[in-house]
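Novice: Let me begin by handing over the structure; questions about it come next.
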Amino acid sequence: MIQRRNFVRLVGGGAVAVATAGTLAACSLTPEYPAAAVEIWRGPGHETDVRKRAIAYAVTAPNPHNRQPWLLDVDTPDTLTLYCDTERLLPETDPFGRQILIGHGAFIELLVMALAEQGVRSEVQLWPEGELPRTLAAWSRKPVARLVLSPGARPDPLFAQVLLRHTPKMRYDTTQPVSAQALQKLIEAGGQRGGGVQSGGTVDAVRVEPLRKLCLDAARVELLTPATAMESVRLMRVGPDEILQHRDGISITSRMARIFSVLGQFDRSRPPTADSAAYKQALQTFDDYSNTAMGFVWLSTARNGRNDQIETGRAYVRQQLQATAAGVGIHPMSQALQEFPEMAPHFEAVHRMLLERPAPRTVDDSTVQMMCRIGYPFASVPATPRRPLPQFFRRAAAA
Ligand SMILES: Cc1cc2nc3c(=O)[nH]c(=O)nc-3n(C[C@H](O)[C@H](O)[C@H](O)COP(=O)(O)O)c2cc1C
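Numbered by the numbering used here, the letters in the sequence shown go through residues 2 to 400 in order.
Written out as structure tokens, the structure reads:
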């Protein structure tokens, strides 16, 4: 019989921690998601509507905690209007919505590419009714972007990578360094679109080592700050039923985690303490990520306006598509870039280390927008769930 103290707890941003007196330490994420949860990765199938076909590709965009916070209005012909779904924000780890909007930039870039693939040109107008304010609580249903469509666009060669792109939330092979040439290609891919996004990177051990340590130190803060730890815990989807029900957040398929969930032995009501096995296991996952980083790439902007955040997302997804084509793994490690008060020392450190500047104090200051570990994953990288397409439409009639 399972003892009450042998509960399972799970925490972490894309990380998994499982513990019952140490016996479950071997539990891990496995790629066996229910087929329906990952059906979007087979493409839009028989859908004939040009805009809906494009949206089916765009919802595969990378986005923080896989919240998929996008809503579309397709009621006006030859137009697509994108809104942020304010029910899907991350107020603890992303209190100013910066990362959420990077996810919108990635969405827009894939949307434009998927339309171009069908010969449709998009004129992207950001913030047609004004920018979203700095404070999340004041966010309203103002559109993020309006795309006005017309005939005539050339396909983008990177489009071939869209359904192959997956974020490698796994260890990298430490026997396989990333070459200076491969790094250079990734840096170029990050800066290719322009839009004010600066792209940097390193595979130099003298720089990589302190960045690995920074990632781990920052993860410790996220895990030990109750509000940020609980934000992740609440987004955990354990086992096929929960994964199918939500098709977002942090999907967990480990057999042991499922058994404990079925038996009602999961404790997802409290954050883990520093002496708990759950915390130690979560930290081990971050240790695996950080200490197998064979290099880092980052994107920064000279300002931190809403357009800069959107442009970063557009640049980032292109960089990850290019990495997919090159077979290199690129995995965001965003803990040090989170803007809650307890993270402030690491937020400061990451700006000094990457930009040789202090952390931004105002919208006019240089900002590191993304930092990713790079390397070669040990195994093929699984696709992550996406919600059913009709859920992304703002009006029921469009579903
Ligand atoms: C702005 C941003 C920040 C992210 N930060 C992290 C992170 O800190 N850790 C992580 O594992 N993944 C991070 N991701 C990747 C998402 O977890 C991933 O895109 C999402 O789970 C969907 O998976 P997919 O990219 O394989 O489709 C980030 C993505 C974006 C766009």
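Beta carbons are placed, not taken as given, at the ideal position from N, Cα and C, and that holds for glycine.
All figures in this text were calculated on a predicted structure; none of them were measured in a lab.
Is DSSP giving A278 helix, strand or coil here?
Specialist: Reduced to three states, the DSSP call for A278 is helix.
Novice: Identify, in the order they occur along the chain, each residue of the same chain with its Cβ nearer than 8 Å to the Cβ of G44, setting aside the five sequence neighbours on each side.
Specialist: Contacts found: A57, Y58, L164.
Novice: Between A55, K53, R142, R166, which lies nearest to N64 when the distance is taken from Cα to Cα?
Specialist: That would be R166, whose Cα lies nearest to the Cα of N64.
Novice: Between which two residues does the beta strand (DSSP E) harbouring D74 extend?
Specialist: Start and end: 71 to 74.
Novice: What's the gap between the Cα of I101 and the Cα of L91?
Specialist: Taking the straight line joining both Cα atoms gives about 8 Å.
Novice: Please classify L177 as buried or exposed, where buried requires at least 16 neighbouring CB atoms within 10 angstroms.
Specialist: First, the amino acid is wrong: residue 177 is Gln here, not Leu. Label assigned to Q177: exposed.
Novice: When you measure from the CB of S335 to every non-hydrogen atom of ligand 1, does any distance come out below 6 Å?
Specialist: For ligand 1, at least one heavy atom lies less than 6 Å from the Cβ of S335.
Novice: Please work out which residues of its chain come closer than 6 Å, Cβ to Cβ, to A326, disregarding the five sequence neighbours upstream and downstream, and give them in chain order.
Specialist: These residues qualify, in order along the chain: Q162.
Novice: Can you give me the C-alpha to C-alpha distance between R395 and R142, rounded to a whole angstrom?
Specialist: About 11 Å.
Novice: Between the region 133 to 140 and the region 284 to 291, can you find at least three pairs of beta-carbon atoms closer than 8 Å?
Specialist: The region 284 to 291 vs the region 133 to 140: no contact.
Novice: Could you give the distance in angstroms between the alpha-carbon of A380 and the alpha-carbon of D74?
Specialist: Cα to Cα, the separation comes out at about 39 Å.
Novice: Buried or exposed for D205, going by 16 or more other Cβ atoms inside 10 Å?
Specialist: With fewer than 16 other Cβ atoms within 10 Å, it is exposed.
Novice: Within a Cβ cutoff of 7 Å, which residues of the same chain sit near G15, ignoring the five residues on either side of it in sequence?
Specialist: With a pLDDT of only 38 at G15, under 50, the local geometry of the prediction cannot be trusted, and no value is derived from it.
Novice: Measuring alpha carbon to alpha carbon, tell me which of R353, Q282, A324, I311 ends up nearest C85.
Specialist: The option with the nearest alpha carbon to C85 is I311.
Novice: In this structure, how does DSSP classify A37 when only helix, strand and coil are distinguished?
Specialist: A37: helix per DSSP, three-state reduction.
Novice: Report the option in G202, L356, L111 whose CA atom is closest to the CA atom of P333.
Specialist: Closest by alpha carbon: G202.
Novice: Cβ of N64 versus every heavy atom of ligand 1: is any distance shorter than 6 Å?
Specialist: Checking the Cβ of N64 against ligand 1 gives yes.
Novice: Contact between the region 271 to 285 and the region 306 to 323 is defined here as three or more beta-carbon pairs at a separation below 8 Å; is this criterion met?
Specialist: With the cut-off at 8 Å, the region 271 to 285 and the region 306 to 323 do not touch.
Novice: Take every Cβ of the region 106 to 122, pair it with every Cβ of the region 142 to 159, and state whether three or more of those distances are shorter than 8 Å.
Specialist: Contact between the region 106 to 122 and the region 142 to 159 is present, because at least three Cβ pairs lie under 8 Å.
Novice: Quick check on the DSSP output: the alpha helix (DSSP H) that includes T313 runs from which residue to which?
Specialist: Element bounds for T313: 307 to 327.
Novice: Going by beta-carbon coordinates alone, are Q69 and R319 separated by less than 7 Å?
Specialist: No, they are not a contact pair.
Novice: Between L355 and the rest of its own chain, which residues show a CB-CB distance below 6 Å, the 5 nearest in sequence each way excluded?
Specialist: W299, V369, listed in sequence order.
Novice: How long is the line joining the alpha carbons of L1 and D249, rounded to whole angstroms?
Specialist: The question about residue 1 has no answer here: the residues shown for the chain are numbered 2 through 400.
Novice: Is I103 near ligand 1 - that is, is its Cβ less than 6 Å away from at least one heavy atom of it?
Specialist: Yes; taking the cut-off as 6 Å, the Cβ of I103 has a heavy atom of ligand 1 nearer than that.
Novice: Going by beta carbon distance, what residues of the same chain come within less than 7 Å of A146, once the five residues before and after it are set aside?
Specialist: Around A146: L83, I109, V125, Q126, L127.
Novice: Measuring from the CB of T168, is there a heavy atom of ligand 1 at a distance below 6 Å?
Specialist: At least one heavy atom of ligand 1 is nearer than 6 Å to the Cβ of T168, so yes.
Novice: Per DSSP, H332 is paired with what?
Specialist: Note: H332 sits in a beta bridge opposite R374.
Novice: For I253, which beta-bridge partners are listed by DSSP?
Specialist: Answer is V239.
Novice: Alpha carbon to alpha carbon, what distance is there between Y317 and Y217?
Specialist: For clarity, residue 217 is Leu in the given sequence; the question names Tyr instead. Each residue's alpha carbon lies about 22 Å from the other.
Novice: Where E243 and T293 are concerned, what is the direct C-alpha to C-alpha distance, given to the nearest angstrom?
Specialist: The straight-line gap from Cα to Cα measures roughly 31 Å.
Novice: How is E48 classed by DSSP in three states: helix, strand or coil?
Specialist: E48 falls in the coil class under three-state DSSP.
Novice: Using the Cα positions of M295 and R358, report the straight-line distance between them to the nearest angstrom.
Specialist: Taking the straight line from one Cα to the other gives about 24 Å.
Novice: Can you tell me whether Q185 is helix, strand or coil according to DSSP?
Specialist: In the structure shown, Q185 sits in a helix (DSSP, three-state: H, G or I).
Novice: List the endpoints of the continuous alpha helix (DSSP H) containing R221.
Specialist: Its alpha helix (DSSP H) spans residues 206 to 225.
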